[in-house]
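Undergrad: Encoded as C-alpha cells, here's the structure I'll be asking about.
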Amino acid sequence: DQNKHETRDEFWGRVLMNTKTETSDLKWTIFSRAKPEWEEVSGLDEENNSVRIYQICQTDSSSSHWLRSGFIQRQAASQVYVELRFTMMECSSTSTHHRSCKETFNVYYYQADSDEATATYPPWMENPYVKVDTVAADFLLSKDGERKFNVKTFRVGTLSKRGFYLAFQAQGACMALLSVRVFFKKCPPLVSSLSAFPETVPRTLVQQAQGVCVEHATQQGPRPRPPKLFCGEDGQWVGQPTTSCACLPGFEPAEGHTRCTACPVGQFKSGSEGQCTSCPRFSQATVRGASVCACHSGYLRAESDTPDTPCTKTPSAPRSIIPQINDTTLSLEWNEPLDSGGRTDLSYAVRCSVCRSPKGACIPCGDSVSYRPAADGLLGRRVEVWGLLPHTTYTFTIQALNGVSQLSTKDPASESVNITTSHDVPSLVSVIRKSDSTESSLTLQWSVPAQPHYTVLQYQLRYCEKDRRSEDQCHYTESKRNQAVLTDLRRATQYEVQVRARTMAGYGSFSPAAVFRTLPDGHDSASQFLVPGILIAVGMLLLVTFVFVAAYCIRKKMNLCDLQLVSRWGIHSECHRAPRSFCYLSQRFCSFLSHDSVCLSPAGVKVYIDPFTYEDPNEAVREFAKEIDVSFVKIEEVIGAGEFGEVCRGRLRVPGKKENYVAIKTLKGGYTEKQRRDFLSEASIMGQFQHPNIIHLEGIITASCPVMILTEFMENGALDSFLRLNDSQFTPIQLVGMLRGIASGMKYLAEMSYVHRDLAARNILINSNLVCKVSDFGLSRFLQENSSDPTYTSSLGGKIPIRWTAPEAIAFRKFTSASDVWSYGIVMWEVMSFGERPYWDMSNQDVINAIEQDYRLPPPPDCPTHLHQLMLDCWQKDRSARPRFTDLVSALDKLIRNPASLKIVAQEGAGPSYPLLDQRAPLALSPCASVGEWLRAIKMERYEDSFLQAGFSSVDQLAQISTQDLLHMGVTLAGHQRKILSSIQTMTFRNKSTATVTF
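Written as C-alpha cells, this is what we have:
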C-alpha cells in the first residue's frame, strides 16, 4: 500500500521530505526552557514498519516546546503541502492531568535561501516564524481505548526563497508525531488534441501551460497561437486544450488525436483537416505521406482542379465540319468530339490560313477576316466568317480544347476543311458622315453606290471604340437604308465606324474607317432642359409634402413618433397619436435629412429609426446597410448557430481595403418573406449605430443565396461562456473595465432612444483585447410564441428573458431605458460571478415571486462592496429611482480611478436579500437525507470525508457554513467554493419562501 501511495504522489507531484522512509535518526533541532523536551524514539507505523517518531508529554503548559525540521529544498514549487500523522492523548486520560492540558499544537514554517538555522537562530517565536495553523486532533487516545492516529494536510506558501523549515510548538499537549510528509503537486506530461504539454507545476490556483504541436502537426488558422491548457493546483489538468494544431498535408490524426501518421501508399490528404483518402481516378501515390496524387501518363490536372478531382486528358478532334459559303461569307458547323477527355469545360477555336497560290505556302489570315461570335473560346458548334477575298483558297481548322489543353505538350486535336471563294464584290461605300450626336448615340449617313448594275440588299456597320479594336470588342448592326443610328454608346468617346454593302453576290469589303465622337456630359440638348425640370418638380413636391405634414401636426398637437424634426426653417412639433402614415412620413423626412445630421433627439444625438415604421422594411435595409459583393467574402468555418441559421467565421477582402475577419450570420434555406424581413431588420438596426462598444455592421449580402449579415469578428465570443472558461483569471479592475465598456455602449443606445430589451452577458461579445461590445439587436424572438429556448418565457403575448427583465416589463411589457438598467445590474452580477447563472437553478416562477418579495441577488464571492451597491441601485423597484447609464459610466470611472476602493469586499448576506421573508426557525434545509447525498447531487462528492471530519454531519448545519470553513476543509478551488455556497443559498431561500409565500 505504501508503494502504491508513493507511486501516486510521484505521478501527481513530487515528495520533498518523508520521515517514514528515513532509516537513521532525524536529529531535528529541539528547543525548550523546561523539561520535558521533544524526544526522538523508534516506533512502528500502522503497517508495522520501523519509523522515527518525536513525542512529548507535558506536565505544564506555561512554557512552549519547539521542534524544527531540517532544511527542505522547495525545488520548483511555489506552494507545498504538509501531511502530518500524529496521535494525541486526551487530557482526562493523562497521568498528570492538569487544567492547563491542551489537545492542540501549532505548526509554523520559516523561509531561507540556505541552511542557516542554528539552535538559537532564528528566534523561537511566531515572528519570524509564520504560523500555518493550530492543529486539533480528530481522534484522542484514552486509557485502554482504540489506537487511532490523526492525518492532517496543510498548504504552505507562497514560497519565494530556496527552501524552508517546518516547526512544531507544543503548549501542554501529550502527543506523538508519527510522520511528516512534504510534497508539491504537478500536472504530468500530456498529449491531447495533437498538442503536447510538458510537466507543469502550478504556481497559482490555475497555472497556464504552453504546449507545442506534436510531430508532423502545425498550427492552423489566420492567427496561429501556441496550444495552451490550465494546470489546477491539485495537480490535475483543467478542461480541454485551446489549440489550433492540425496534421500536415499527407498526415492524419491517430490514436485519439495524440499523434499524426503518414498516409499509406495509394492514399493522400491535401489539407490539414480530415483523414487520408484513396487517390482519385487516373492518379496514384507511390510513397507514404502524399499530399497530392500524381496523374497517370497522358492525364493532367488543371490549375483550377482540386487535388481530390480525377485526372483528365485533352479531347479528341471535332467531327464532320459542314461549310456553307455565300461568295465571301462562310458558315461553319461541326459535331462534338467522341471523347471529351473526362471534362465538361469543352470549347472550340477556329484557325484560318490563306493560300495565295497553289504552290506557295499558306499564311495565317490575321485581321483580314472577321468571326461571329468569336474565333476563340467558342462554346457552341457554329461560327460565321466574313471578309473573305474572292477567288481565294482558305483552310479552316477547328480545334477542340478543355481545361488541360494548355498544359499538354501535344497540339490540340483538330479537324480541317478547305474553302475557295468565287465572285468579286467591289466596295460600294466610300465616305461616312455624321448628321447628329448625343452623349450616348451617333446618327450617320453615307452615299448610295453609283454602280447601277449592283442592287444593294442591305448595309452592315461595324463600330468599335477607337483604342479597343479587337474583334470581340466590336459591334455590328444592319440597315436597309443608307443611314443608321448607333445607340448605347459611352459618353465623350471616339468610335471607328466602317460600312459595307451586301448584294446578290455577297458582301463587299468594308469602307475606310471613319472616326466620330459622342458628346460629353451637359451637351445633350434635350437633357439640358429635362434634368433641371425634373429636379425642380421633385423639390416642389417635397416642400409641399413637408409643409402639409408640419401644419397637420401643429394643428393636432401630435408628436410624429417621438421624433424632433429640425430643418433649416426651424420647424419642430410635438405629437403623440399620429396616424401610422404620418409616423412613416416623419421618419422618412428624418431619414432624408439624416445625411446632414439634422434628425436629432433633444440631447442633440442622432435618433434611432425603427425599420418597421417603413411601409417597405426592405427600404430601411437598403438605407442603413451596405450591400457587399459575395465574391469579396470567404467563409472559413462554422462557429455556432443563430436564430435563423448558422453563424460562421470568414474573411472580407474589399478591393482597395485591408482584409479583415468577420462574423457571418446566414439565413437558412426555405425561409418565408417575413423571416427574411425579420432577419435583415437586425442589419437595418445595427447599421444606425457607430460606437466602439456596439458591434459594428460590415454589410449584408442579399443578391445571392444564402442571405448574409456581416459584422466584425469578436475572437473570444459570448461574454458569459468566456468568463466561465476563464473562471477567477481576471482581477476586479479588469472586470470593472469590461462593465464600463458595456455601460458606455448602453449609454449611447439610450441617447439614440433605442431600448435593447435583451441585455444579458450572452448577448455581449468580447474580443482579444477584452473589449466588450453590445450585440443581438434582433427583435423577432419577442414575437414568436413557439420558441423552445427556456431563457425566454411567455408573458402577455411575447417572449421575455425573466431572469434579466425588470418587474414592470414582466407585468406590463413596459420596456424603457430604465428596464435596460435593471438588466445591466444582472449583467454586472454575471460578470463578477464569472458567468454564474442568475438565481441559480430557481424556476422562472420562483424568480418572479422572489423579486415581488423584494429578494435581490447577494454579492458574488469577493465582489467589491461598491459594485454590489451599484447592482442594488439598478434593481430599485421604482424605475424612476434607478440610475441612468450616464450615471453608471461615471460611477465606474470613479472606481477605475480609485482601485483601492475595489478592495472593500461585500459580505455574504449583505444588502436587502430577504427583507420581507419570515425569520422563524428554519425548516429542513434540503430534501436530501444526508450531507453525502447532497454533495453527490451537486457532483462535489470528493469532499464528503472533509465535511464529516469538520463536524458537518447534518444537512441543517450547512446553513452557517462560510468560505473560511471551506478552506479549512480543503475546498481551495474558487469555482467549487461558489458552487457549494450557491447551492446552500438557493436551498435556504426556497425554505424561507415556502414558509411565507404561496407559489
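Reading the sequence shown from the start, the letters are residues 12 to 1010 in the working numbering.
Note that beta-carbon positions come from the ideal geometry of N, C-alpha and C, so glycine has one too.
(1) For the structure I just gave you, are there three or more beta carbon pairs, one from the segment 369-380 and one from the segment 390-400, closer than 8 Å?
(2) Give me whichever residues DSSP pairs with E847 in a beta bridge.
(3) Using the three-state DSSP reduction, which class does N493 fall into: helix, strand or coil?
(4) From what residue to what residue does the alpha helix (DSSP H) around A631 run?
(5) Could you check what DSSP says for P523 in three-state terms: helix, strand or coil?
(6) Looking at the unbroken beta strand (DSSP E) that takes in M719, where does it start and where does it end?
(7) Between the C-alpha atoms of F643 and L663, what's the straight-line distance to the nearest angstrom?
(8) Smallest Cα separation from I712: which of A652, V782, N629?
(9) Assuming C271 and V225 form a contact by the criterion Cβ under 8 Å, report the distance between their Cβ atoms to the nearest whole angstrom.
(10) Within 10 Å of its beta-carbon, does R234 have 16 or more other beta-carbons around it, so buried, or fewer, so exposed?
(11) Leaving out five residues on either side along the sequence, give the residues of the same chain with a beta carbon under 6 Å from the beta carbon of I949.
(12) Between the segment 76-90 and the segment 185-205, are three or more C-beta pairs nearer than 8 Å?
(13) By the 10 Å Cβ neighbour count, where 16 or more other Cβ atoms means buried, how is H307 classified, buried or exposed?
(14) What number of angstroms, rounded off, separates the C-alpha of V641 from the C-alpha of E684?
(15) Throw me the rounded Cβ distance for the L913 and V747 pair, which I believe falls under 8 Å.
(16) Could you tell me the alpha carbon to alpha carbon distance between F733 and G943, rounded to whole angstroms?
(17) Can you find the residues in the same chain that come closer than 8 Å, C-beta to C-beta, to G250, ignoring five residues on each side of it along the sequence?
(18) Strictly by DSSP, which residues pair up with A328?
(19) Please work out which residues of its chain come closer than 8 Å, Cβ to Cβ, to L170, disregarding the five sequence neighbours upstream and downstream, and give them in chain order.
(20) Please give me, in chain order, every unbroken run of the beta strand (DSSP E) with length at least 3 that falls completely inside the segment 275-347.
(21) Write down every uninterrupted run of the alpha helix (DSSP H) in the segment 648-705 whose length is 4 residues or greater and which is fully enclosed by it, in chain order.
(22) Evaluate contact between the segment 467-477 and the segment 501-511, counting only Cβ atoms and requiring at least three cross-stretch pairs below 8 Å.
(23) Just to confirm the assignment, what range does the beta strand (DSSP E) spanning T897 have?
(24) Grouping DSSP H, G and I as helix and E and B as strand, with all else coil, what is Y765?
(25) For V942, report the span of its beta strand (DSSP E) as first-last.
(26) Could you check the C-alpha separation between G728 and A772 for me, to the nearest Å?
(27) Check the C-beta distance from F97 over to N138 and give it rounded, since I have them as a contact under 8 Å.
(28) Just to confirm my understanding: we take C256, look at its own chain, exclude 5 residues before and 5 after, and list those with CB closer than 8 Å. What are they?
(29) What number of angstroms, rounded off, separates the C-alpha of D1067 from the C-alpha of A861?
(30) Only counting the same chain, and skipping five residues up and downstream in sequence, which positions put a Cβ closer than 8 Å to that of V467?
(31) Rounded to whole angstroms, what is the Cα-Cα separation between S289 and A305?
(32) Assign M980 to buried or exposed, taking buried as 16 or more other Cβ atoms, counted over all protein chains shown, within 10 Å of its Cβ.
(33) Can you have a look at R953 and say buried or exposed, based on whether 16 or more other CB atoms are within 10 angstroms of its CB?
(34) Rounded to the nearest angstrom, what separates E634 and S830 at their Cα positions?
(35) Would you give the residue range spanned by the beta strand (DSSP E) that V858 belongs to?
(36) Beta-carbon separation of L78 and T40 under 9 Å?
TA: The short version:
(1) yes
(2) Here residue 847 corresponds to residue number 836 of the sequence shown, with the count starting at 1. According to DSSP, which records beta bridges pairwise, E847 is partnered with nothing at all.
(3) As a working mapping, residue 493 is identified with position 482 in the sequence shown. Looking at N493 - three-state DSSP - the assignment turns out to be coil, as it is neither helix nor strand.
(4) Residue mapping note: residue 631 aligns to position 620 of the sequence shown, counting from 1. A631 -> alpha helix (DSSP H) spans 628-635.
(5) Looking up residue 523 in the sequence shown gives position 512. If DSSP states are grouped into helix, strand and coil, P523 belongs with coil.
(6) Within the sequence shown, the letter at position 708 stands for residue 719. Where M719 is concerned, the enclosing beta strand (DSSP E) stretches over 719-723.
(7) Start at 1 with the first residue of the sequence shown, and residue 643 comes out as number 632. Start at 1 with the first residue of the sequence shown, and residue 663 comes out as number 652. Going from the Cα of F643 to the Cα of L663 covers about 6 Å.
(8) Locating residue 712 in the sequence shown gives position 701, where the first residue counts as 1. Ranking the options by Cα distance to I712, first place goes to N629.
(9) Working through the sequence shown from its first residue, we reach residue 271 at position 260. Working through the sequence shown from its first residue, we reach residue 225 at position 214. Indeed, because the Cβ distance is near 6 Å, the residues count as touching under 8 Å.
(10) Numbered from 1 along the sequence shown, position 223 holds the residue referred to as residue 234. Exposed, since its Cβ has fewer than 16 Cβ neighbours within 10 Å.
(11) Numbered from its first residue, the sequence shown carries residue 949 at position 938. Correct list, in chain order: S994.
(12) yes
(13) The residue given as residue 307 occupies position 296 in the sequence shown. The residue in question, H307, is exposed, as its Cβ has fewer than 16 Cβ neighbours within 10 Å.
(14) Looking up residue 641 in the sequence shown gives position 630. Looking up residue 684 in the sequence shown gives position 673. About 21 Å.
(15) Sequence index remark: in the sequence shown, residue 913 carries index 902 (1-based). Sequence index remark: in the sequence shown, residue 747 carries index 736 (1-based). Contact flag correct, Cβ pair sits at about 7 Å.
(16) Stepping through the sequence shown from its first residue, residue 733 is reached at position 722. Stepping through the sequence shown from its first residue, residue 943 is reached at position 932. Rounded to whole angstroms, F733 to G943 spans 32 Å at the Cα level.
(17) Looking up residue 250 in the sequence shown gives position 239. Excluding residues within five positions, the ones whose Cβ falls inside 8 Å are L240, F241, L736.
(18) Within the sequence shown, the letter at position 317 stands for residue 328. DSSP lists no partner for A328.
(19) What you label residue 170 is simply residue 159 of the sequence shown in a count that begins at 1. Once the five neighbours on either side are set aside, the close Cβ partners of L170 are R85, A88, S89, Q90, V91, Q122.
(20) 330-337, 340-346
(21) 684-697
(22) yes
(23) Residue mapping note: residue 897 aligns to position 886 of the sequence shown, counting from 1. Where T897 is concerned, there is no enclosing beta strand (DSSP E), although the alpha helix (DSSP H) it sits in stretches over 896-908.
(24) On the sequence shown, position 754 is the one that residue 765 refers to. Correct three-state label for Y765: coil.
(25) Numbered from its first residue, the sequence shown carries residue 942 at position 931. First-last for V942: 942-948, but that is the alpha helix (DSSP H), not the beta strand (DSSP E).
(26) Indexing the sequence shown from 1 puts residue 728 at position 717. Indexing the sequence shown from 1 puts residue 772 at position 761. For G728 and A772, the distance between alpha carbons rounds to 11 Å.
(27) Residue mapping note: residue 97 aligns to position 86 of the sequence shown, counting from 1. Residue mapping note: residue 138 aligns to position 127 of the sequence shown, counting from 1. About 25 Å separates the two Cβ atoms, so there is no contact after all.
(28) Numbered from 1 along the sequence shown, position 245 holds the residue referred to as residue 256. Result list for C256: S204, L205, S206, C224, V225, A228, T229, Q230, Q231, P238, in chain order.
(29) As displayed, the chain neither begins before 12 nor continues past 1010, which places residue 1067 out of reach and without an answer.
(30) Indexing the sequence shown from 1 puts residue 467 at position 456. So the list reads L439, V459, P460, A512, R513, T514, once near-sequence residues are dropped.
(31) Locating residue 289 in the sequence shown gives position 278, where the first residue counts as 1. Locating residue 305 in the sequence shown gives position 294, where the first residue counts as 1. When rounded, the distance between both Cα atoms is 12 Å.
(32) Here residue 980 corresponds to residue number 969 of the sequence shown, with the count starting at 1. That one is buried.
(33) Working through the sequence shown from its first residue, we reach residue 953 at position 942. The residue in question, R953, is exposed, as its Cβ has fewer than 16 Cβ neighbours within 10 Å.
(34) Residue numbering aside, residue 634 sits at position 623 when the sequence shown is read from its first letter. Residue numbering aside, residue 830 sits at position 819 when the sequence shown is read from its first letter. Approximately 30 Å between the Cα atoms of the pair.
(35) Taking the first residue of the sequence shown as 1, we reach residue 858 at position 847. Note, V858: premise wrong, no beta strand (DSSP E); alpha helix (DSSP H) at 855-863.
(36) As a working mapping, residue 78 is identified with position 67 in the sequence shown. As a working mapping, residue 40 is identified with position 29 in the sequence shown. Yes, these two residues count as a Cβ contact at 9 Å.
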